[in-house]
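Letter by letter, the sequence shown follows residues 995 to 1211 of our numbering.
Below is one structure, written out as structure tokens; the observations come after it.
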Amino acid sequence: MISLPVAEVRERLGRGLFAMVAGPEGPRNRARIHDTPGPRWFAEDRPIRRVHADASMFVGGLRALLLQSLHPLAMAGVAQHSDYRGDPWGRLQRTSTFLAVTTFGTDADAQRAVDKVRGIHRRVHGTAPDGRAYRADDPHLLEWVHIAEVDSFLTAHQRYGADPLDQEGRDGYVADTARVASALGVPDPPRTEAELGDRIAAYRGELCGTDAARDAA
């Protein structure tokens, strides 16, 4: 049982984090996302809603960005095609909005958000500092970005969230996120916590701390 003072502190921190991550248009965007009538990808009782509504998402988001940066090709795409140095909060706000729309928004709004991201991915390609070519719509890179994100959100929620998930809930969360990943072009995203751990482990040989990753950190 959380005491009232701790609950109040948690609520205040949550409001502060929301303002930082969602930006000045956050309250208006939240009202539009949540209040627009229509069917949703996820029912109100789904684990993805519980996780993505918790303030621990801020910690998970920062962890996800750091973990994703350890893949040299994924980091090359970010370094060469985004303004993360000049506008780090802007990147976080755009990611936050995408997560909110696909989790809580209508089917139509969620699909539009996915289509927009896929359109951006098609334009992002180049050559990494190590000479390898990359494309943001490469299914292998898309999977890495997805699993790093899901693992980070789930880990943060279990450690810092107000109401951690049991095993069924954790598997349910991974399964929920698979729907969004599939829509983004990941061929076979993990659907259980165990599968998620196996996929993360399978990428370990591809990861390293490049100059770009250290700069991003």
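Every residue, glycine too, gets a C-beta built ideally from N, C-alpha and C.
Among the candidates the options, whose CA atom is the shortest distance from the CA of residue i?
| i | options | result |
| --- | --- | --- |
| T1089 | A1073, M1069, E1143 | E1143 |
| G1218 | L1178, G1071, Q1074, H1151 | Within the shown structure, residues of the chain are numbered from 995 to 1211, placing residue 1218 beyond reach of any answer. |
| V1174 | G1166, A1127, Q1105, A1070 | Q1105 |
| M1045 | D1192, D1182, G1163 | In the sequence under discussion, the amino acid at residue 1045 is Val, which differs from the Met named in the question. Closest by alpha carbon: G1163. |
| A1195 | W1138, A1156, S1076, R1153 | W1138 |
| K1110 | Y1154, G1032, G1179 | G1179 |
| T1149 | A1130, D1165, A1107 | D1165 |
| T1091 | A1047, S1146, R1193, I1141 | A1047 |
| A1211 | H1028, R1040, Q1062 | Q1062 |
| F1036 | A1156, D1182, V1168 | V1168 |
| A1049 | P1123, S1176, D1170, D1157 | D1157 |
| A1207 | A1122, R1126, L1060 | L1060 |
| F1098 | V1053, R1043, G1199 | R1043 |
| T1171 | Q1161, D1160, T1186 | T1186 |
| D1205 | E1189, I1141, Q1161, D1124 | D1124 |
DSSP on residue i, reduced to helix/strand/coil?
| i | result |
| --- | --- |
| H1065 | coil |
| A1177 | helix |
| Y1212 | Because the chain is modelled from 995 through 1211, residue 1212 falls outside the range shown and cannot be assessed. |
| G1120 | strand |
| R1185 | coil |
| A1156 | coil |
| A1127 | strand |
| T1100 | strand |
| T1149 | helix |
| G1203 | coil |
Can you give me the Cβ contacts of residue i inside the same chain, cut-off strictly under 6 Å, excluding the 5 residues immediately before and after it?
| i | result |
| --- | --- |
| M995 | Confidence at M995 is low in this model, with a pLDDT of 46, below 50, so its placement is unreliable and the value that follows should be read with caution. Nothing listed; no residue qualifies. |
| R1116 | D1131 |
| S1076 | none |
| G1155 | D1048, S1050 |
Quick one: residues in its chain with C-beta nearer than 8 Å to the C-beta of residue i, no 5 flanking neighbours on either side, listed in chain order?
| i | result |
| --- | --- |
| T1100 | T1030, P1031, G1032, P1033, R1034 |
| L1135 | H1065, L1067, A1068, G1071, Y1128, R1129 |
| E1019 | none |
What distance in whole Å lies between the Cβ atoms of residue j and residue i, which are believed to be in contact at a cut-off of 8 Å?
| i | j | result |
| --- | --- | --- |
| P1021 | C1202 | That belief does not hold up - the Cβ atoms of P1021 and C1202 are roughly 41 Å apart, past 8 Å. |
| S1146 | A1073 | About 20 Å separates the two Cβ atoms, so there is no contact after all. |
| R1193 | P1184 | 5 Å |
If you drop the 5 nearest sequence neighbours on each side, which residues of the same chain put their C-beta closer than 7 Å to that of residue i?
| i | result |
| --- | --- |
| H1140 | A1175, V1180, P1183 |
Checklist line | Runs of alpha helix (DSSP H) wholly within the stretch 1025-1052 (minimum 4 residues, chain order) | finding: 1041-1046
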